[in-house]
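Written below as structure tokens is the structure these notes are about.
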Amino acid sequence: MAEPVRVRRLTDHEGQKLQQIVRRGSTSSVRYRRAMMLLASAGGGTGSG
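If you use my numbering, the sequence shown corresponds to residues -11 to 37, in order.
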């Protein structure tokens, strides 16, 4: 199995913007899922499961 890919560290502004996308939930499902994956990866998660 391939190694999990991690994203670079997020700036405070980027993290806040991603949190806004997730909190609102009114955006497209693709944008919401991508924001969730980026936040999970930045927090040490793999974005799966």
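Think of the CB as a built atom: it goes at the ideal place given N, C-alpha and C, for glycine as much as any other residue.
Cα-Cα, which of the options is closest to residue i?
| i | options | result |
| --- | --- | --- |
| leucine 27 | Arg(-3), Arg12, Met(-11) | Arg(-3) |
| tyrosine 20 | Gln8, Gly31, Met(-11) | Gln8 |
For residue i versus residue j, is the C-beta distance shorter than 7 Å?
| i | j | result |
| --- | --- | --- |
| valine 10 | alanine 23 | yes |
Hey, quick one: how far does the alpha helix (DSSP H) through residue i stretch, first residue to last?
| i | result |
| --- | --- |
| leucine 6 | 0 to 12 |
| methionine -11 | Run containing methionine -11: none; DSSP gives neither H nor E here. |
| serine 29 | 17 to 30 |
Leaving out five residues on either side along the sequence, give the residues of the same chain with a beta carbon under 7 Å from the beta carbon of residue i.
| i | result |
| --- | --- |
| glutamine 4 | none |
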